[in-house]
Every structure is written in C-alpha cells, then in structure tokens.
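Q: Numbering (the working numbering), first residue to last: -12 to 142.
#1: Rounding to the nearest angstrom, what Cα-Cα distance links residue 33 and residue 19 in this structure?
#2: Taking 8 Å as the threshold, find out whether the stretch 3 to 20 comes into contact with the stretch 41 to 49 through three or more Cβ pairs.
#3: Suppose you measure from the CA of residue 133 to the CA of residue 11; what does that come to, to the nearest Å?
#4: Using 10 angstroms around the beta-carbon of residue 47, count the other beta-carbons present and answer buried if the total reaches 16, otherwise exposed.
#5: How many angstroms separate the CA atom of residue 93 from the CA atom of residue 39?
#6: Name, in chain order, the residues that DSSP records as bridge partners for residue 20.
#7: Cα-Cα, which of 87, 83, 49 is closest to residue 69?
#8: With a 10 Å radius around its C-beta and 16 neighbouring C-beta atoms as the bar for buried, classify residue 0 as buried or exposed.
#9: On the three-pair Cβ rule with 8 Å, is the stretch 105 to 116 touching the stretch 66 to 83?
#10: Looking only at C-alpha atoms, which of 105, 36, 23 sits nearest to residue 79?
#11: Can you pull the DSSP bridge partners for residue 107?
#12: State the DSSP-derived secondary structure class of residue 57, mapped to helix, strand or coil.
The structure is reproduced here in structure tokens:
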C-alpha cells in the first residue's frame, strides 16, 4: 500500500472497495501515464538536441577566444573539426527554437495543460530565450539565452 492514503488503505483492508473497479481504475491511470510519456518523448528529444547545440555553441565561443587554437599541438585538427560542426549547429539554433516552440504550443493546446520541464513551463522558457536572442542582436559572443537554458532546463 505504498503511496495510498490512509483512508483508502483502510477501505481496502476492510473490504469496502470493489477490487475489480480498483484494478480497472489503476489500469486506466497507467495507460494515461504511458500515453502522456509517449507524447512527451518527441519534445524531450528535441530539447536534448537543442541543449547539445547550445553547449556546442558555448564551447565554440570559448574556443574562438583561445589565442592558441591554431597551434600545431595535439588534437588541434579535432578541435577544428568540432568548431566547424559547432558553427553549423549554432546557425540552426534559431530555427530549432522556433520549431520546438510550435511543437510545444500544439502539445499544450491539444492537452490543455502546460508542458513542464524542470518545474517550469517550457514555452515560457523558450519565449524568454527567443526574446533575449532578438533583443541582443545576436552579437559575436552573445549566448546568454543558451547559457540560461542549459542551466535551467533539465527535463
């Protein structure tokens, strides 16, 4: 009886509850939980991809500040390749945010509930980041929106 309220547990022990109805209710709750988890999976996958792109963009900014990045040291060619890939990801980030926003809006409209991620509505977080990006003009070393998201969102 872990997680059951004391009154419900007492009713079950006393035999005042129809077990078939109780099991049917539990099955319905499990089915609803599985459906909701499945519907969240696509969005959470996109959030993970966006978080990765954000982390790579942050790495790229740090890499570009390094004066020794063109040195012939160990692994320099690997870092150069990673920087190329990070630039590609960074260029796609605004469209990923817009796509994720539209998917979350549709999900919320369909279910009439907020999509929570780290106890905060994901849509509000995305809007804040979108406004921050638009407001700062997307300067060369401006990634505060991505840094904020990477720190706050952990679904």
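Backbone N, C-alpha and C fix where the C-beta goes; we use that ideal spot for every residue, glycine too. Note that this is a predicted model, so its numbers are computed, not measured.
A: The relevant details are as follows:
#1: 22 Å
#2: no
#3: Note that residue 133 scores 46 on pLDDT, short of 50, meaning its location in the model is unreliable; the coordinates nonetheless yield the value given after this. C-alpha separation (whole angstroms): 45 Å.
#4: With 16 or more Cβ atoms within 10 Å of its Cβ, residue 47 is classed as buried.
#5: 23 Å
#6: In the DSSP output, where bridge partners are listed per residue, residue 20 has none listed.
#7: 49
#8: In the assembly as shown, residue 0 is an exposed residue. Its beta-carbon has fewer than 16 other beta-carbons within 10 Å.
#9: no
#10: 36
#11: Per the DSSP secondary-structure output, residue 107 pairs in a beta bridge with 104.
#12: Coil, per DSSP.
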